[in-house]
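Written out below as structure tokens is the structure these notes cover.
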Amino acid sequence: MSQAPVDPLPATTCASCSGVLQGEWCSACGEKRLGPRDLGLFAIAGDVLGGLFSLDGRIPRTVRTLMFQPGALTRAWAEGRRVGYTRPFSLFLVLSLVFFLVQPHTGMIGYGYQQLAAGSVGSAELRAELALKQTRSGLGEPAFAERFDGILQGQKQSLFVALIPFFACLSALTHFRSRSPFVVHVVFAIHHCVVLLLLLVLVFLAGLILPNGVLDRVVFRPLPILGPEGGFVVFLLLTTGTYLVFASRRAFPGTALRGWAQALAAGLSLFAGQIMGFVLYQRLILTVAVWLV
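Numbering of the sequence shown is given in our numbering, commencing with residue 43 and proceeding in unit increments.
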């Protein structure tokens, strides 16, 4: 007796090309059917392992969407439209590597031993611990400063990734009405950190193009309370704060006016949390560097 044929999976519409989707993959564009596991935390780990080194021509499209359509990329990822874009964490790792390779030559996030010893950054307790470490090391100040700055530079890069879970938790709290899976907030945080890195790279490129001293007068101006990079901090906060309002509106949409009100409230909350994140990031890398030196 012949066996009854197995019924195929029910046809649905592909999220990327709107074609008929039968089975796990779209035969037209290659998009994968979005299942419950694709909205879990393990989905990000699979993305990293499966596509870390498969960056291709999708990067320009991904960067363009991130910069000019805030939140659209997070929405596309959550809805399963992922084929045409670079995987979130892969793009973050590449941009992080590029930025921190050139960062020591830019003056951005340039605080180190001299600024900590002079009291421009860090706490009095941290400076006292640093002085104690120098005494115990038996090194002169120039050699100890070079050693400390080398360790600090490594922490600036490795601990930048700690901003992702911090921003993800903030996003989950401020967008709790959206009832989105936590992994969507993780992707939203990754995209935000990528935009932050893109802004830093753009500032660096502007410094190469503009005449000498222009950025120092306009962006890298010391300000009271905010320290020697006060103007730069204000620039980042204003640009990313505005970006977060529009990103919240697109990534976690509501209805008309209510959606914009929620996006504004969420953007302002994330803006305040971003300030806290930058402060905690600076304190964290300085503390770890003092502990390791």
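Glycine residues also receive a C-beta, built at the ideal position from the N, C-alpha and C atoms. Computed from a prediction, not measured in an experiment: that's the story for all the values here.
From what residue to what residue does the alpha helix (DSSP H) around residue i run?
i    : result
Q176 : A166 to S179
Y155 : Y155 to A160
C211 : L205 to T216
P78  : Premise fails: P78 is in no alpha helix (DSSP H) and is neither H nor E.
V144 : P130 to V144
L194 : E183 to S200
W119 : A114 to A120
F110 : R100 to F110
Anyone know if the C-beta pair for residue i and residue j falls short of 9 angstroms?
i    : j    : result
V237 : P130 : no
A305 : F288 : yes
V62  : C71  : no
L172 : Y153 : no
L326 : A204 : yes
H217 : Y285 : no
L181 : L168 : no
A303 : I193 : no
Q324 : L279 : no
S138 : L239 : yes
R75  : G82  : no
G283 : L310 : yes
Tell me, to the nearest whole angstrom, how far the beta carbon of residue i is from that of residue j; I am working on the premise that it is less than 8 angstroms.
i    : j    : result
L312 : S213 : 7 angstroms
V125 : S58  : 5 angstroms
F142 : K198 : 7 angstroms
L140 : V243 : The sequence given here places Val at residue 140; Leu does not occur at that position. V140 to V243, Cβ: 7 angstroms. Contact.
Y127 : A118 : 7 angstroms
A314 : S290 : About 14 angstroms separates the two Cβ atoms, so there is no contact after all.
F186 : Q176 : 5 angstroms
Go ahead and pull the three-state DSSP assignment for residue i.
i    : result
C55  : The question names Cys, but residue 55 in the sequence shown is Thr. Three-state result, T55: strand.
V62  : strand
F95  : Only weak support is given to the placement of F95: the predicted model assigns it a pLDDT of 48, under 50, and the value that follows is read from those uncertain coordinates. Here F95 sits in coil by DSSP.
A298 : Unreliable placement is indicated for A298, whose pLDDT of 48 sits below 50; no coordinate value is reported for it.
H234 : helix
Report the residue from the options whose alpha carbon sits nearest the alpha carbon of residue i.
i    : options                   : result
F209 : T329, V226 and K198       : V226
C211 : E66, T54, I232 and I101   : I232
G164 : V335, L334 and L328       : L328
V144 : W119, V245 and G319       : V245
R219 : A293, A248, Q157 and P184 : A293
V136 : G113, A170, I251 and V105 : V105
G77  : R189, P184 and R123       : R123
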